[in-house]
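Engineer: Under the numbering used here, the first residue of the sequence shown is numbered 16, with each subsequent residue one higher. Ideal Cβ placement from N, Cα and C applies to all residues, glycine included. Next up is a structure, given as structure tokens.
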Amino acid sequence: MHDVLISALPVLLPVLTLLNLLLLVLLDKAYRSNTRKKITFCMTLVSFGLCYDALILSLGIVLKEGALLKILSQLRFVSHGFLIPLLLPICAYALKWKPAGMKKIWVVTLVLMLLGLAAGFLVKLSPITLGSSLRYASDKELTPGFVTAIENLLSYAPVIVLIAAGILVWIKQKRAQLFLSGFFMFVFAALGPATGNFDLIFVITMFGEVLMSLFFLLYAKAYLKGD
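Right, dumping it as structure tokens:
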């Protein structure tokens, strides 16, 4: 399976990117065609970050090692750190928090977004070639420890919060989509390390990202319709 995935990267990465792009367009359409709900806007921004992430990884098939790909990859870490904290207000909007609670969650979110933004610029990147794919990944030896800690916090904590909020939404609103978006993101993020395929974490996680955007879209449609 390991070797199959590596040989399939030239096809797999563009296909996953196109799926991300399609879901981004559909989420944006859902936002614009309805009442411009803030939860849908936040979901669209997160989906944009996932789409950009996939696009840059796909470009590693055609671009050679150099300044352009490195800059684009640095922005990949910046967008991830800046946008993933938006999962927190998504949860709060889904749980229909009152204005006072929303103000507090937005303060926390903005602090985390600024930390993620700074960490994204401070990450030190090194080129990694896998099959026909080239990508710039975080170099743990060169990247300051506190930056790595922020990266890890923003990669896992918001998703865990999303799963917990999704369970509450499932119980109260009879809608499982929000839970499934976080659940599949967590499962696929953990699947690489759990199977020992550490070099394939980036592509295995992309499946979870596609499913996250898909279930965001399904929840957004139900939320906007009030079903």
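1) Do the CB positions of residue 76 and residue 147 come within less than 7 Å of each other?
2) Looking only at C-alpha atoms, which of 56, 93, 45 and 47 sits nearest to residue 68?
3) If I follow the unbroken alpha helix (DSSP H) through residue 255, where does it start and stop?
4) Ignore the nearest five residues each way along the sequence and tell me which others in residue 169's own chain have a CB closer than 8 Å to its CB.
5) How would you label residue 48, buried or exposed, when you count the other beta carbons within 10 angstroms and need 16 or more for buried?
6) Along the chain, where does the alpha helix (DSSP H) that runs through residue 140 open and close?
7) Count the other CB atoms, across all protein chains shown, that sit within 10 Å of the CB of residue 22; report buried if there are 16 or more and exposed otherwise.
8) Would you mind working out which of 201, 196, 90 and 221 sits nearest residue 227, comparing C-alpha positions?
9) Quick check: the Cα distance between residue 34 and residue 225, rounded to an integer number of angstroms?
10) Between residue 119 and residue 25, what straight-line distance do the alpha-carbon atoms span, to the nearest angstrom?
11) Cα-Cα, which of 161, 42, 107 and 220 is closest to residue 55?
12) Alpha carbon to alpha carbon, what distance is there between residue 145 and residue 18?
13) Determine, using beta carbons only, whether residue 174 and residue 137 come nearer to each other than 7 Å.
14) Taking DSSP's pairing of strands, which residues face residue 115 in a bridge?
15) Can you check which of these residues, 122, 234, 235 and 212, is closest to residue 16 by C-alpha distance?
16) Where do the N-terminal and C-terminal ends of the beta strand (DSSP E) with residue 180 fall, by residue?
17) As an exercise, report each continuous beta strand (DSSP E) stretch of at least 3 residues that is fully enclosed by the stretch 17-60, in chain order.
18) Between the alpha carbons of residue 202 and residue 79, how many angstroms are there, rounded?
19) Give the C-beta separation of residue 192 and residue 157 to the nearest angstrom, bearing in mind that I take them to be a contact with Cβ-Cβ under 8 Å.
20) Between 139, 45, 209 and 30, which has its C-alpha nearest residue 153's C-alpha?
21) With 16 other CB atoms within 10 Å as the buried threshold, where does residue 32 fall?
Structural biologist: The structure says:
1) yes
2) 93
3) No information on residue 255 is available, as it lies outside the stretch 16 to 242 that the chain covers here.
4) 95, 96, 99, 100, 127, 130, 131 and 134
5) exposed
6) Taken as a continuous stretch (DSSP letters only), residue 140 belongs to no alpha helix (DSSP H), being part of the beta strand (DSSP E) at 140-145.
7) exposed
8) 196
9) 7 Å
10) So the two alpha carbons sit approximately 44 Å from each other.
11) Closest by alpha carbon: 42.
12) 10 Å
13) no
14) Paired residues: none, contrary to the question.
15) Between residue 16 and the set 122, 234, 235 and 212, the nearest pair of CA atoms involves 212.
16) No beta strand (DSSP E) contains residue 180, which is instead part of the alpha helix (DSSP H) from 160-188.
17) none
18) Within the model, the alpha-carbon separation for residue 202 versus residue 79 is close to 32 Å.
19) Contact doesn't hold; Cβ gap of about 40 Å is too wide.
20) 139
21) It is buried - the Cβ of residue 32 has at least 16 other Cβ atoms within 10 Å.
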